[in-house]
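Take a look at the structure set out below.
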DNA sequence: CGGCACGTTGATCAATGTCAAGCAGTGTGG
DNA sequence: CCACACTGCTTGACATTGATCAACGTGCCG
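Here you go:
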C-alpha cells in the first residue's frame, strides 16, 4: 500500500501531512527547510530492519506510511516487542537524546515509508530552537511514565490480564469505531508478535486466546477479532472490587 | 545520621556539595539564587512519604542525605520498588517534565534530608536556561533506556537471575570496594523491599537467597552479604554459552 | 508477658514455559 | 498437477517456577 495519499511528485517536509502530529510542528519555515535538507526517505518491506540494536545512532526516523515494530532482545535470543509505531510517529530519538547507541531495533511490519533525519541536523535544530527540546522533554518523560507503568503491569498481572489490556490498546488504535457492539477489527500482528508484546510465548498466547473465546470475551478468526462487549474485556485487568 | 558534613549553620544551594552531581551544575550564580529561593528543606524518618502517587506535582526533590525508595503500586495493593535514590539524586522531575501527576511515591528508607524545589521555579529555570532542559533531556532519555531494559529483563529472566543482577547493582553502589574478594557489604533494603525490586514475593526471595547460599554464590547474614567471587554472580544472568 | 514486624520454612497449587506433534495454508520445483 | 518443504498456529503432555497459605522462630518494644 505505497503512497495512498502522496501522488505528490516531490515529497518533502513542508507538504508532509504527518508533521502536525509530531514534534516538528514547532519548527519555523526556516527550520523546516533545514529539516528537509537533512532528510533521506526510504521504503521498507515487512521484515526489513530500519535500525538495529547496538548500531550507532544515525538520527531520528519519521514514519510516513506503514507500521513499524520496535523490538529489543537479550543475549539468549529472547525478544520482546516494545512499541508499535504508526504514521506520524518518530523513532530513534531516545538514543539520540541520550547520546547512546540504539538499544532496540525497528522493523517494518507492513510496507512502510520512513524518513531519516540526520543526527547532526536534529542536534542543530535542538540547540537552535529550545521549544523543540522542551517538546521532546515532555514526550520522553511521558514515555518513561508508560515504561514504568509497564514494568509494574508485567510484574503484577497475569498473561491473560496483560493480553486483555493489550487488546484494548489495539482497539483504541486500530478499530474503526469502538462505540458499536460488537467491536470488530483486524489485528496488525501475528500471534508470535502478540506474545512478544506481553512477554510470553506463542503457545501461551494461543491458549489464552482459546480460553478467552470459551469465556465469551472475544472471538478470533485469524487476525480478525470481534469483541461483544468492551466492558467485559476491561474487567479482565481492572478488578472492580467495590463491594 | 543527620547532617554528617553540614555543620553549616545555614544550608543553601550554593554550599550544597551534591550540586556537582546533578542537573543544577549548569546553573549560573544568578540562577542558583533563584533555585535557592524556591527551596524548602525537610527531614524525613524511615517510612515517611515524601511525595505520593497521584498527587499533583509540587516540584523537584533533591536528596541531600539519606536513602529514598521510589515505589509504584496498582489497584490490588501490589507494589514494586522502581528506584533507589542516593544523596545528590533528584526525584519527581519526570512528573514535572511530562506535565503529569506523580505516578510513583517517594519514601524515606533511611533518615533523610530532602530539598523541594518549587515547580514554578524549575519551570522558570527551564525556559531561562536551555542547557538545563538539554541536561534533563539526556537524563530522562537514559532513564527511559534503563526502564526498557528492565522490561526485557523482567520478561525473560528468572527470579534468581534478576536477584543476581540486582545484587551486582547494589555492590556497585554500596560496597566500599568491589576489587577485593570476598566482596562484603551491607544491603540497604529489607527482604521485603529486595523482593519488590525484582517483582517477586518475600517468600520467593527468601528461598532464592537460601538456594544461592547453598550454591556458594554468596552468604547472607541479616543484611550483611559476602560474595566470594563476583564473577560467579555475574554468570547467573550472563550466560556464557560460547562453546 | 503479649503483641508485632520480620524472616524463614513447609506444603500445596496454579500459571506458565518447554518439548513435541500435527494441521492448514502457501509457495516451489519437478 | 503433485510432492515437498516451510511457516504460522494450535494442541497435548509434562516439568518447572513461583505464588499462596499457614506455621513458627526471633528480636524488639510497649
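Protein chains in written order, with my numbering: chain P, 1 to 243; chain U, 244 to 486. All C-beta atoms, glycine included, are put in the ideal place defined by N, C-alpha and C. All figures in this text were calculated on a predicted structure; none of them were measured in a lab.
Starting from residue i and walking both ways along the alpha helix (DSSP H), at which residues does that stretch end?
i	result
residue 269 of chain U	Counting along the chain, residue 269 of chain U falls outside any alpha helix (DSSP H), and DSSP gives it neither H nor E.
residue 391 of chain U	373–399
residue 11 of chain P	That residue, residue 11 of chain P, is in no alpha helix (DSSP H); it is neither H nor E in DSSP.
residue 337 of chain U	336–341
residue 449 of chain U	445–457
residue 428 of chain U	Note, residue 428 of chain U: premise wrong, no alpha helix (DSSP H); beta strand (DSSP E) at 426–429.
residue 416 of chain U	402–417
Can a CB atom of chain P be found closer than 8 Å to the CB of residue i?
i	result
residue 373 of chain U	yes
residue 434 of chain U	no
residue 304 of chain U	no
residue 391 of chain U	yes
residue 346 of chain U	yes
residue 381 of chain U	yes
residue 360 of chain U	no
residue 328 of chain U	no
residue 331 of chain U	no
residue 482 of chain U	yes
residue 442 of chain U	yes
residue 368 of chain U	no
residue 324 of chain U	no
residue 285 of chain U	no
residue 421 of chain U	no
residue 340 of chain U	yes
From which residue to which residue does the beta strand (DSSP E) around residue i run?
i	result
residue 83 of chain P	79–85
residue 434 of chain U	Residue 434 of chain U -> not in any beta strand (DSSP E); alpha helix (DSSP H) instead, spanning 434–440.
residue 298 of chain U	Run containing residue 298 of chain U: none; DSSP gives neither H nor E here.
residue 470 of chain U	467–470
residue 71 of chain P	68–73
residue 285 of chain U	282–287
Using a Cβ-Cβ distance cut-off of 8 Å, determine whether residue i contacts chain U.
i	result
residue 243 of chain P	Low confidence applies here, because residue 243 of chain P scores a pLDDT of 40, under 50, leaving its location unreliable and the question unanswered by this model.
residue 4 of chain P	Its pLDDT being 42, under 50, residue 4 of chain P is placed unreliably in this model, and the value from its coordinates should be taken loosely. By this cut-off, residue 4 of chain P is not an interface position.
residue 232 of chain P	no
residue 94 of chain P	yes
residue 100 of chain P	yes
residue 142 of chain P	yes
residue 76 of chain P	yes
residue 161 of chain P	no
residue 156 of chain P	yes
residue 50 of chain P	no
residue 166 of chain P	no
residue 145 of chain P	yes
residue 152 of chain P	yes
residue 133 of chain P	yes
residue 32 of chain P	no
residue 27 of chain P	no
List the DSSP bridge partners of residue i.
i	result
residue 349 of chain U	U:294 and U:313
residue 462 of chain U	U:469
residue 118 of chain P	P:59
residue 356 of chain U	U:286 and U:308
residue 90 of chain P	P:62
**Request:** Could you say if the segment 392–400 of chain U and the segment 144–151 of chain P meet the contact criterion of at least three C-beta pairs nearer than 8 Å?
**Result:** yes
**Prompt:** With a cut-off of 8 Å, do at least 3 Cβ pairs link the segment 369–387 of chain U to the segment 179–187 of chain P?
**Reply:** no
**Message:** Quick check: the segment 320–338 of chain U against the segment 299–308 of chain U, are at least 3 beta-carbon pairs closer than 8 Å?
**Reply:** yes
**Message:** Counting beta carbon pairs with one atom in the segment 111–119 of chain P and one in the segment 71–78 of chain P, are three or more of them shorter than 8 Å?
**Reply:** no
**Prompt:** Below 8 Å, can you find three or more Cβ-Cβ pairs linking the segment 349–358 of chain U to the segment 280–299 of chain U?
**Reply:** yes
**Stretch pair the segment 323–330 of chain U + the segment 432–447 of chain U: three plus CB contacts closer than 8 Å** = yes
**Prompt:** With contact counted as at least three CB pairs below 8 Å, one residue from each stretch, are the segment 343–353 of chain U and the segment 273–282 of chain U in contact?
**Reply:** no
**Message:** Below 8 Å, how does it come out for the segment 464–473 of chain U and the segment 411–426 of chain U: are there three or more Cβ pairs, yes or no?
**Reply:** yes
**Prompt:** Does the pairing of the segment 366–376 of chain U with the segment 397–407 of chain U give three or more beta-carbon distances under 8 Å?
**Reply:** no
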